[in-house]
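The structure appears right after this line, and notes come after that.
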Amino acid sequence: MIKRFLDIFLSVLFIVLLSPLFFIISFVIWIDSGSPIFYLQERIGKDWKTFNIIKFRTMKNGSDKNGPAVSSDSDERVTKFGAFLRMWKLDEIPQLFNVLKGDMSFVGPRPEVKKFAEFYRDEYNLLLQVKPGISDFASINFRHEGKILNNVQNIEDVYIKEILPQKIELSKEYVSNHSLIMDLKILFLTIITLLK
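Next comes the structure, spelled out in C-alpha coordinates:
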(Lines of atoms letter the chains of each structure in order from A and count residues from 1; the text may use other names and numbers.)
(Lines give C-alpha, C1' and ligand atoms only; values in the text may rest on other atoms or scores of the structure.)
Protein backbone atom coordinates (compact mmCIF):
# COMPACT_ATOMS: atom_id res chain seq x y z
CA MET A 1 0.00 0.00 0.00
CA ILE A 2 2.83 2.41 0.89
CA LYS A 3 4.67 1.48 -2.32
CA ARG A 4 1.58 2.20 -4.45
CA PHE A 5 1.04 5.53 -2.71
CA LEU A 6 4.67 6.49 -3.39
CA ASP A 7 4.37 5.36 -7.01
CA ILE A 8 1.32 7.58 -7.55
CA PHE A 9 2.76 10.56 -5.68
CA LEU A 10 6.19 10.43 -7.33
CA SER A 11 4.88 9.72 -10.84
CA VAL A 12 2.53 12.73 -10.68
CA LEU A 13 5.33 14.88 -9.22
CA PHE A 14 7.83 13.90 -11.93
CA ILE A 15 5.28 14.21 -14.75
CA VAL A 16 4.64 17.81 -13.64
CA LEU A 17 8.31 18.66 -13.05
CA LEU A 18 9.47 17.06 -16.30
CA SER A 19 6.63 18.36 -18.48
CA PRO A 20 8.90 20.97 -20.17
CA LEU A 21 11.35 18.17 -21.02
CA PHE A 22 8.45 16.08 -22.37
CA PHE A 23 7.53 18.87 -24.77
CA ILE A 24 11.13 19.53 -25.85
CA ILE A 25 11.86 15.85 -26.55
CA SER A 26 8.52 15.41 -28.34
CA PHE A 27 9.21 18.44 -30.53
CA VAL A 28 12.73 17.30 -31.46
CA ILE A 29 11.50 13.77 -32.32
CA TRP A 30 8.79 15.29 -34.52
CA ILE A 31 11.31 17.57 -36.28
CA ASP A 32 13.90 14.78 -36.58
CA SER A 33 11.75 11.89 -37.81
CA GLY A 34 8.08 12.86 -37.73
CA SER A 35 5.35 11.06 -35.86
CA PRO A 36 4.50 9.04 -33.86
CA ILE A 37 6.31 10.56 -30.90
CA PHE A 38 5.76 7.58 -28.65
CA TYR A 39 6.58 3.91 -29.10
CA LEU A 40 4.26 1.36 -27.55
CA GLN A 41 5.28 -2.26 -27.13
CA GLU A 42 3.40 -5.10 -25.48
CA ARG A 43 5.14 -6.40 -22.37
CA ILE A 44 4.18 -8.81 -19.62
CA GLY A 45 3.29 -7.51 -16.19
CA LYS A 46 2.27 -8.91 -12.83
CA ASP A 47 0.64 -12.35 -13.07
CA TRP A 48 1.45 -12.52 -16.81
CA LYS A 49 -1.03 -9.75 -17.66
CA THR A 50 0.05 -7.84 -20.75
CA PHE A 51 0.24 -4.06 -21.06
CA ASN A 52 1.72 -1.52 -23.45
CA ILE A 53 4.96 0.01 -22.23
CA ILE A 54 5.37 3.64 -23.33
CA LYS A 55 8.67 5.07 -24.52
CA PHE A 56 9.79 7.96 -26.64
CA ARG A 57 10.35 6.58 -30.13
CA THR A 58 14.08 6.17 -30.80
CA MET A 59 13.94 4.22 -34.07
CA LYS A 60 12.99 5.22 -37.58
CA ASN A 61 9.24 5.03 -38.01
CA GLY A 62 8.04 1.44 -38.47
CA SER A 63 11.52 -0.08 -38.38
CA ASP A 64 10.74 -2.13 -35.26
CA LYS A 65 8.63 -4.38 -37.50
CA ASN A 66 11.64 -5.19 -39.71
CA GLY A 67 14.20 -6.46 -37.25
CA PRO A 68 14.89 -8.10 -33.90
CA ALA A 69 12.99 -7.11 -30.75
CA VAL A 70 16.27 -6.10 -29.08
CA SER A 71 18.77 -3.65 -30.49
CA SER A 72 22.39 -2.58 -30.09
CA ASP A 73 23.91 0.89 -29.96
CA SER A 74 25.07 0.42 -33.56
CA ASP A 75 21.62 -0.59 -34.85
CA GLU A 76 20.95 1.36 -38.06
CA ARG A 77 17.26 1.60 -37.16
CA VAL A 78 18.05 3.99 -34.30
CA THR A 79 17.90 7.71 -35.15
CA LYS A 80 20.69 10.09 -34.08
CA PHE A 81 18.44 11.79 -31.56
CA GLY A 82 17.18 8.37 -30.50
CA ALA A 83 20.75 7.31 -29.71
CA PHE A 84 21.11 10.40 -27.51
CA LEU A 85 17.86 9.60 -25.69
CA ARG A 86 18.95 6.01 -25.12
CA MET A 87 22.37 7.02 -23.84
CA TRP A 88 20.79 9.06 -21.04
CA LYS A 89 17.74 6.75 -20.69
CA LEU A 90 15.49 9.69 -21.51
CA ASP A 91 13.39 7.45 -23.77
CA GLU A 92 12.16 5.75 -20.59
CA ILE A 93 10.56 8.91 -19.11
CA PRO A 94 7.04 8.21 -20.50
CA GLN A 95 6.95 5.07 -18.35
CA LEU A 96 5.94 7.46 -15.57
CA PHE A 97 2.45 7.11 -17.08
CA ASN A 98 2.73 3.31 -16.81
CA VAL A 99 3.59 3.77 -13.13
CA LEU A 100 0.70 6.19 -12.57
CA LYS A 101 -1.72 3.79 -14.29
CA GLY A 102 -0.53 0.91 -12.12
CA ASP A 103 1.01 -1.30 -14.82
CA MET A 104 4.48 -0.69 -13.40
CA SER A 105 6.27 0.53 -10.30
CA PHE A 106 9.38 2.68 -10.01
CA VAL A 107 11.31 -0.36 -8.81
CA GLY A 108 10.80 -3.94 -9.92
CA PRO A 109 12.01 -6.46 -12.52
CA ARG A 110 12.10 -4.89 -15.98
CA PRO A 111 9.03 -5.92 -18.02
CA GLU A 112 10.01 -8.34 -20.75
CA VAL A 113 8.64 -9.12 -24.19
CA LYS A 114 6.43 -12.21 -23.85
CA LYS A 115 8.24 -14.30 -26.47
CA PHE A 116 11.51 -13.94 -24.52
CA ALA A 117 9.92 -14.62 -21.13
CA GLU A 118 8.37 -17.83 -22.46
CA PHE A 119 11.89 -19.31 -22.71
CA TYR A 120 12.15 -19.05 -18.91
CA ARG A 121 8.54 -19.55 -17.84
CA ASP A 122 9.34 -21.06 -14.42
CA GLU A 123 11.63 -18.16 -13.53
CA TYR A 124 9.09 -15.60 -14.72
CA ASN A 125 6.35 -17.25 -12.67
CA LEU A 126 8.42 -16.04 -9.70
CA LEU A 127 9.40 -12.64 -11.12
CA LEU A 128 5.83 -11.79 -12.11
CA GLN A 129 4.58 -12.10 -8.55
CA VAL A 130 5.47 -8.40 -8.28
CA LYS A 131 4.87 -5.46 -10.59
CA PRO A 132 7.58 -4.80 -13.15
CA GLY A 133 9.54 -1.60 -12.67
CA ILE A 134 11.46 1.16 -14.39
CA SER A 135 14.64 0.06 -12.62
CA ASP A 136 16.11 -2.86 -10.71
CA PHE A 137 19.49 -4.51 -10.16
CA ALA A 138 19.41 -5.98 -13.69
CA SER A 139 18.83 -2.65 -15.42
CA ILE A 140 21.62 -1.08 -13.35
CA ASN A 141 24.09 -3.86 -14.13
CA PHE A 142 23.13 -3.92 -17.81
CA ARG A 143 23.07 -0.14 -18.20
CA HIS A 144 25.17 -0.52 -21.38
CA GLU A 145 23.34 -3.52 -22.83
CA GLY A 146 23.23 -1.86 -26.26
CA LYS A 147 27.01 -1.60 -26.25
CA ILE A 148 27.39 -5.26 -25.23
CA LEU A 149 25.25 -6.28 -28.21
CA ASN A 150 27.29 -4.30 -30.75
CA ASN A 151 28.63 -6.42 -33.64
CA VAL A 152 26.68 -9.49 -32.49
CA GLN A 153 25.48 -11.67 -35.38
CA ASN A 154 22.32 -13.25 -33.97
CA ILE A 155 21.32 -10.58 -31.49
CA GLU A 156 18.11 -12.19 -30.22
CA ASP A 157 19.84 -15.54 -29.69
CA VAL A 158 22.64 -13.93 -27.68
CA TYR A 159 20.12 -11.92 -25.66
CA ILE A 160 18.01 -15.00 -24.83
CA LYS A 161 20.88 -17.38 -24.03
CA GLU A 162 23.50 -15.10 -22.47
CA ILE A 163 22.07 -11.81 -21.23
CA LEU A 164 18.53 -12.69 -20.14
CA PRO A 165 19.59 -15.49 -17.72
CA GLN A 166 21.89 -13.04 -15.92
CA LYS A 167 19.15 -10.43 -15.73
CA ILE A 168 16.72 -13.01 -14.37
CA GLU A 169 19.13 -13.94 -11.54
CA LEU A 170 19.53 -10.28 -10.57
CA SER A 171 15.77 -9.75 -10.68
CA LYS A 172 15.24 -12.85 -8.52
CA GLU A 173 17.39 -11.23 -5.85
CA TYR A 174 15.00 -8.28 -5.78
CA VAL A 175 11.82 -10.37 -5.74
CA SER A 176 13.13 -12.57 -2.91
CA ASN A 177 14.24 -9.65 -0.72
CA HIS A 178 12.23 -6.61 -1.80
CA SER A 179 11.45 -3.94 0.77
CA LEU A 180 11.07 -0.18 0.92
CA ILE A 181 14.73 0.13 1.95
CA MET A 182 15.82 -1.97 -1.04
CA ASP A 183 13.66 0.16 -3.36
CA LEU A 184 15.33 3.32 -2.08
CA LYS A 185 18.75 1.71 -2.53
CA ILE A 186 17.95 0.77 -6.14
CA LEU A 187 16.63 4.27 -6.90
CA PHE A 188 19.81 5.77 -5.44
CA LEU A 189 22.04 3.39 -7.44
CA THR A 190 20.04 4.14 -10.60
CA ILE A 191 20.65 7.88 -10.24
CA ILE A 192 24.36 7.34 -9.54
CA THR A 193 24.67 5.02 -12.56
CA LEU A 194 22.99 7.54 -14.87
CA LEU A 195 25.32 10.30 -13.73
CA LYS A 196 28.50 8.26 -14.35
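Each residue of the sequence shown is one higher than the last, beginning at 1 in the working numbering. The C-beta atom is built at its ideal place from N, Cα and C for all residues, glycine as well.
- In this structure Arg43 is in contact with Val113, their Cβ atoms being roughly 6 Å apart against a cut-off of 8 Å.
- Annotated three-state conformation of Arg121 is helix, per DSSP.
- Note that the segment 150-165 touches the segment 66-73; at least 3 beta-carbon pairs, one per stretch, sit closer than 8 Å.
- In the DSSP assignment, Phe106 falls within the unbroken beta strand (DSSP E) covering Ser105 to Val107.
- Between Thr58 and Ile140, the gap from beta carbon to beta carbon reaches 8 Å or more.
- The secondary-structure analysis by DSSP pairs Asn52 across a beta bridge with Glu42.
- Excluding the 5 residues flanking it on each side, Phe97 has same chain C-beta neighbours closer than 8 Å at Ser11, Ile15 and Ile54, in chain order.
- Our two residues, Lys147 and Phe116, have alpha carbons roughly 20 Å apart in a direct line.
- Shown here, Gly62 sits in coil according to DSSP, grouped into three states, outside any helix or strand.
- Beyond the five residues adjoining it in sequence on each side, Phe81 comes within less than 6 Å, by CB distance, of Val28 and Asp32 in the same chain, given in chain order.
- Look at the segment 112-194 and you find these whole runs of beta strand (DSSP E), each 3 residues long or longer: 133-135.
- Going by C-alpha positions, Pro36 is about 15 Å away from Arg77.
- Contact between Ser171 and Pro109 holds: their C-beta atoms lie close to 4 Å from each other, under 8 Å.
- The beta-carbon separation of Asp103 and Phe22, rounded to 19 Å, does not stay under the 8 Å limit for a contact.
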